[in-house]
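Undergrad:
There are 2 protein chains.
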Amino acid sequence: MTLLLTNDEVERVLDMRASLQALEPAYRDVTEGRAVMRRQSQTYLSGPLPQSSYCLKTVEGGSEALGVMAIRLTSDVLRGRQVGGKLRREKVPAAPGGSFLGLVLLFSLSTGELLAIIPDGIIQRLRVGATSALAADRLARPGSPSVGLIGAGNQAEAQLRGLACVRKLAHIRVYSPTPEHRTDFATRLGRELDVPMEAVPSPSEAIEGADIVVTATNSGDPVLDGDCLRPGMYVGFIREFEVDDATLGRADVLVVHTQQGDIDHYTPRGREDLAQLQRGRGYPWHRHPELADLVAGRVLGRTDGAQLTMFMNNFGVGIQFAALGAHAWREARACGLGREIPTDWFLEDLQP
Amino acid sequence: MTLLLTNDEVERVLDMRASLQALEPAYRDVTEGRAVMRRQSQTYLSGPLPQSSYCLKTVEGGSEALGVMAIRLTSDVLRGRQVGGKLRREKVPAAPGGSFLGLVLLFSLSTGELLAIIPDGIIQRLRVGATSALAADRLARPGSPSVGLIGAGNQAEAQLRGLACVRKLAHIRVYSPTPEHRTDFATRLGRELDVPMEAVPSPSEAIEGADIVVTATNSGDPVLDGDCLRPGMYVGFIREFEVDDATLGRADVLVVHTQQGDIDHYTPRGREDLAQLQRGRGYPWHRHPELADLVAGRVLGRTDGAQLTMFMNNFGVGIQFAALGAHAWREARACGLGREIPTDWFLEDLQP
Numbered sequence: 001m002t003l004l005l006t007n008d009e010v011e012r013v014l015d016m017r018a019s020l021q022a023l024e025p026a027y028r029d030v031t032e033g034r035a036v037m038r039r040q041s042q043t044y045l046s047g048p049l050p051q052s053s054y055c056l057k058t059v060e061g062g063s064e065a066l067g068v069m070a071i072r073l074t075s076d077v078l079r080g081r082q083v084g085g086k087l088r089r090e091k092v093p094a095a096p097g098g099s100f101l102g103l104v105l106l107f108s109l110s111t112g113e114l115l116a117i118i119p120d121g122i123i124q125r126l127r128v129g130a131t132s133a134l135a136a137d138r139l140a141r142p143g144s145p146s147v148g149l150i151g152a153g154n155q156a157e158a159q160l161r162g163l164a165c166v167r168k169l170a171h172i173r174v175y176s177p178t179p180e181h182r183t184d185f186a187t188r189l190g191r192e193l194d195v196p197m198e199a200v201p202s203p204s205e206a207i208e209g210a211d212i213v214v215t216a217t218n219s220g221d222p223v224l225d226g227d228c229l230r231p232g233m234y235v236g237f238i239r240e241f242e243v244d245d246a247t248l249g250r251a252d253v254l255v256v257h258t259q260q261g262d263i264d265h266y267t268p269r270g271r272e273d274l275a276q277l278q279r280g281r282g283y284p285w286h287r288h289p290e291l292a293d294l295v296a297g298r299v300l301g302r303t304d305g306a307q308l309t310m311f312m313n314n315f316g317v318g319i320q321f322a323a324l325g326a327h328a329w330r331e332a333r334a335c336g337l338g339r340e341i342p343t344d345w346f347l348e349d350l351q352p
Numbered sequence: 353m354t355l356l357l358t359n360d361e362v363e364r365v366l367d368m369r370a371s372l373q374a375l376e377p378a379y380r381d382v383t384e385g386r387a388v389m390r391r392q393s394q395t396y397l398s399g400p401l402p403q404s405s406y407c408l409k410t411v412e413g414g415s416e417a418l419g420v421m422a423i424r425l426t427s428d429v430l431r432g433r434q435v436g437g438k439l440r441r442e443k444v445p446a447a448p449g450g451s452f453l454g455l456v457l458l459f460s461l462s463t464g465e466l467l468a469i470i471p472d473g474i475i476q477r478l479r480v481g482a483t484s485a486l487a488a489d490r491l492a493r494p495g496s497p498s499v500g501l502i503g504a505g506n507q508a509e510a511q512l513r514g515l516a517c518v519r520k521l522a523h524i525r526v527y528s529p530t531p532e533h534r535t536d537f538a539t540r541l542g543r544e545l546d547v548p549m550e551a552v553p554s555p556s557e558a559i560e561g562a563d564i565v566v567t568a569t570n571s572g573d574p575v576l577d578g579d580c581l582r583p584g585m586y587v588g589f590i591r592e593f594e595v596d597d598a599t600l601g602r603a604d605v606l607v608v609h610t611q612q613g614d615i616d617h618y619t620p621r622g623r624e625d626l627a628q629l630q631r632g633r634g635y636p637w638h639r640h641p642e643l644a645d646l647v648a649g650r651v652l653g654r655t656d657g658a659q660l661t662m663f664m665n666n667f668g669v670g671i672q673f674a675a676l677g678a679h680a681w682r683e684a685r686a687c688g689l690g691r692e693i694p695t696d697w698f699l700e701d702l703q704p
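First to last, the sequence lines map onto chains A and B. Under the numbering used here, the first residue of the first sequence is numbered 1, with each subsequent residue one higher. Under the numbering used here, the first residue of the second sequence is numbered 353, with each subsequent residue one higher.
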């Protein structure tokens, strides 16, 4: 049977703590040559709206211990929009009912068959937050930190939930450009996490005095001033666009999510503009240690309380979707959740 | 609704002639900047059997005229085997019922939703044969050719069916290593195509005196001796492994399927051996014109009856699966074929 899940079902069997527990051994498997990751690709065509594009984004990965290979794919209608003087790329809920398409497909390594079709919404929030937390646990100072957060979307929520799994948080300050968003966010998350939390009107006020700084925006430009960073801080960036090279250059320890840091972009001939907002700046990812080696203890994290440490470019890699997808699939089956589709609907007698 | 088709249903609405008609405008769209192709990737892990591997192979492409983006994925258990003194890589029918998994997923450019899930078996046979025929039509001499065929599998059948759409075939000689295979093949295809056909015991006898030579094998080593080739011949290779550089160097006109000729291989750390049988030799694809430009008339094909012309590396590119998949989807809908699945089973409210 191929199991088809909903986000509600995924949420019932996968939380932030389970995500951390699923990801840690998967990253170790990467270092031990028993897991694989295919670099992310984004394939563009013109979109249905003015100034829009269509993008199929895919990434793959799997591990022998999990027994699965995963592909995560999102089929996106994209639009650029100015927010707070900065250009952002937004996903348009263009599918029926104002919805999106993002799926994780899990395949069996022993038979090749399709084991599960899982929406990526919950997994996506959990994987970014959990991965950041794995990095923060090894790169932030011990103790009970104050946190400065830039961003107030769903990924910002996940950053805090992840951090709360690895540190007892003392205090949080959050900045985002829209006053109501940051105020609502501070009230809601402060209550959920039971941590004193306040909204502040600038990034520098969020950073001032923080032990841990995290950014969770979809900005196309740097979101903080590197001069605000102090010795001893840990700073986590989700996307490379949130930080400039000068700021990265200030790190005493800089770990990247993966040395496959550049995305492969494909556009029609002469339409390189379609990928413009997503094209990286050619940062030399390979010069820095990867999270997998940090998690496996093959490279050192923080060794000194005065070091300024950073983690960057927490974009989706296949092993995350394999680990969290396999957990959701196994637990959902055990609980009798999900819709069963005959697996032979997706098989054929003819050799591909 | 998301339409789920079977190979039998695809076969009812898509034949070789329709495939040629669907592919030709799609290749033109590539040259005109209205279609896109993502390079093929193969992502490996150790397999479930001794000497085996697991591979997820994916490729993407789409066109604005078709209104779709396609991903083709095969989830394969692979095994190496010696056949006729040469090493071949074989797909193991490891899925339930001795089956395979190969799928084409079609997405809407205007909504992002999943339009169709289509097995790739029939499309795979048709796309290779039809693409070869598009090349042969522009690179082979006019008139009624004799054909030399190396290989007697299903792709060899498709090569002949494709050629028969663009030329009235006078005579066919086929070689494959196993005598019964080539004899059965000659009897069966000769009858189907109503062309005199004979099985011969060596590649050189198949090539001798032929106007068109085509190879359709899964050999890991060159399958013909370049010294057998004569001025005026057209030679089509499906895979780069079937031909050595010296033979390619003899071509007066050499067109490649795509300048994205190299496959991106991913393996676990230290397990580069898993992809060994599939790794290309770094051939400089970019130095040769692509099929799309040949089809669009942007580069010249054969200009002289004495030229030795060649087409090589007809491996899967996304635009083929988009064009043939979209045709099958549209015709199947028009005929009321296929199983309808609610499209919202594959959608989500959460932003991916």
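Where a beta carbon is used, it is the ideal one built from N, C-alpha and C, also for glycine.
In this structure, does DSSP put B:Q703 in helix, strand or coil?
TA: Three-state DSSP puts B:Q703 in coil, outside helix and strand.
Undergrad: Within its chain, find whatever has a CB closer than 8 Å to the CB of A:K168; leave out the 5 residues flanking it on each side and keep chain order.
TA: Within the same chain, A:K168 has close Cβ partners S144.
Undergrad: Jot down the residue ranges of each uninterrupted beta strand (DSSP E) in the stretch 512-537 of chain B, minimum 3 residues, whole runs only, in chain order.
TA: Listed in chain order, the complete beta strand (DSSP E) runs (minimum 3 residues) inside the stretch 512-537 of chain B are 523-527.
Undergrad: By the 10 Å Cβ neighbour count, where 16 or more other Cβ atoms means buried, how is A:G85 classified, buried or exposed?
TA: Looking at its Cβ environment, which holds fewer than 16 other Cβ atoms inside 10 Å, A:G85 is exposed.
Undergrad: Whose Cβ in chain A lies nearer than 8 Å to the Cβ of B:I474?
TA: Going along chain A in sequence order, the residues near B:I474 (Cβ under 8 Å) are L350.
Undergrad: In the structure shown, what three-state DSSP assignment does A:Q42 receive?
TA: Three-state DSSP puts A:Q42 in a strand.
Undergrad: When the cut-off is 7 Å and only beta carbons count, does A:D76 lie next to chain B?
TA: Answer yes: the Cβ-Cβ gap between A:D76 and chain B drops below 7 Å somewhere.
Undergrad: Compute the distance between the beta-carbons of B:G503 and B:A482, then report whether it is under 7 Å.
TA: Taking 7 Å as the Cβ cut-off, B:G503 and B:A482 do not qualify as a contacting pair.
Undergrad: Starting from B:F589, follow the beta strand (DSSP E) in both directions and report where the run begins and ends.
TA: Per DSSP, B:F589 belongs to the beta strand (DSSP E) from Y586 to F589.
Undergrad: Does the beta-carbon distance from A:L106 to A:V68 come in below 7 Å?
TA: Contact flag set, yes.
Undergrad: For B:A603, which residues of its own chain have a beta-carbon under 7 Å away from its beta-carbon, when the five flanking residues on both sides are left out?
TA: Hits under 7 Å: L660, T661 and M662.
Undergrad: Quick one: give me the first and last residue of the beta strand (DSSP E) that A:E24 is part of.
TA: Not the beta strand (DSSP E): A:E24 falls in the alpha helix (DSSP H), residues M16 to T31.
Undergrad: For B:F459, would you say it is in contact with chain A, using Cβ-to-Cβ distances shorter than 7 Å as the test?
TA: B:F459 counts as touching chain A.
Undergrad: How big is the Cα-Cα spacing for B:Y396 and B:L629?
TA: For B:Y396 and B:L629, the distance between alpha carbons rounds to 12 Å.
Undergrad: Roughly how many angstroms separate the alpha carbons of B:F452 and B:R654, rounded to a whole number?
TA: Going by the C-alpha atoms only, they are around 40 Å apart.
Undergrad: Using a Cβ-Cβ distance cut-off of 7 Å, determine whether B:F452 contacts chain A.
TA: Chain A, which has a Cβ nearer than 7 Å to the Cβ of B:F452, makes this yes.
Undergrad: Would you list, in chain order, the members of the stretch 284-299 of chain A that have their beta-carbon closer than 7 Å to a beta-carbon of chain B?
TA: For the stretch 284-299 of chain A, which is checked against every Cβ of chain B, not one residue is closer than 7 Å.
Undergrad: Give me the chain B residues within the contact set of A:R69, using Cβ-Cβ distance strictly less than 8 Å, ordered along the chain.
TA: Checking the sequence shown, residue 69 of chain A turns out to be Met, not Arg. The answer, in chain order, is T395, L397, Y406, L408 and S427.
Undergrad: Can you list, in chain order, the residues of its chain with a C-beta nearer than 6 Å to that of B:T530? Leave out the 5 residues immediately preceding and following it.
TA: For B:T530, where only same-chain residues beyond five positions count, there are no Cβ hits under 6 Å.
Undergrad: With distances taken from CA atoms, which of B:V566, B:R631 and B:N570 is nearest B:L501?
TA: Here the closest residue by C-alpha is B:V566.
Undergrad: Is the CB of B:V388 under 7 Å away from at least one CB in chain A?
TA: It does; some Cβ of chain A falls within 7 Å.
Undergrad: DSSP puts B:E642 in a beta bridge; with which residues?
TA: B:V608, per the DSSP bridge assignment.
Undergrad: Taking Cβ positions, are A:A332 and A:E9 nearer each other than 7 Å?
TA: The answer is yes: Cβ separation under 7 Å.
Undergrad: Give the residues of chain A in contact with B:K443, contact being defined as C-beta atoms less than 8 Å apart.
TA: By Cβ distance, chain A contributes Q351 and P352.
Undergrad: Ignoring anything shorter than 3 residues or poking outside the stretch 114-159 of chain A, list the beta strand (DSSP E) runs there in chain order.
TA: As far as the stretch 114-159 of chain A is concerned, its whole beta strand (DSSP E) runs of at least 3 residues are 114-119 and 146-150.
Undergrad: With contact counted as at least three CB pairs below 8 Å, one residue from each stretch, are the stretch 17-36 of chain A and the stretch 589-601 of chain B in contact?
TA: Cβ pair count under 8 Å is below three, so no.
Undergrad: Between B:G385 and chain A, is any beta-carbon pair separated by less than 7 Å?
TA: Cβ-Cβ to chain A under 7 Å: yes for B:G385.
Undergrad: List the endpoints of the continuous beta strand (DSSP E) containing B:R364.
TA: Run containing B:R364: none in the beta strand (DSSP E); it sits in the alpha helix (DSSP H), N359 to V365.
Undergrad: Bridge partners for A:V36 per DSSP, in chain order?
TA: Paired residues: A:G62.
Undergrad: Nearest by alpha-carbon distance to B:L356: which of B:M585, B:W681 and B:D696 is it?
TA: Closest option to B:L356, Cα to Cα, is B:W681.
Undergrad: Closer than 6 Å: is that where the CB of B:D367 sits relative to any heavy atom of the ligand ADP?
TA: Ligands are entirely absent from the displayed structure, and the ligand ADP is therefore not among its contents.
Undergrad: With three or more beta-carbon pairs closer than 8 Å as the criterion, would you say the stretch 175-193 of chain A touches the stretch 107-117 of chain A?
TA: Segments in contact, no.
Undergrad: With which residues is B:A447 paired in a DSSP beta bridge?
TA: In the DSSP output, where bridge partners are listed per residue, B:A447 has B:S451.
Undergrad: Rounded to a whole number of angstroms, what is the C-alpha to C-alpha distance between B:V605 and B:A644?
TA: Their Cα atoms are separated by approximately 15 Å.
Undergrad: Find out if the Cβ-Cβ distance for the pair B:P555, B:L576 is shorter than 7 Å.
TA: In contact: B:P555 and B:L576 (Cβ atoms closer than 7 Å).
Undergrad: List, in chain order, every chain A residue whose beta-carbon is nearer than 7 Å to that of B:A447.
TA: Here the neighbours are T111, G112, E113 and L347.
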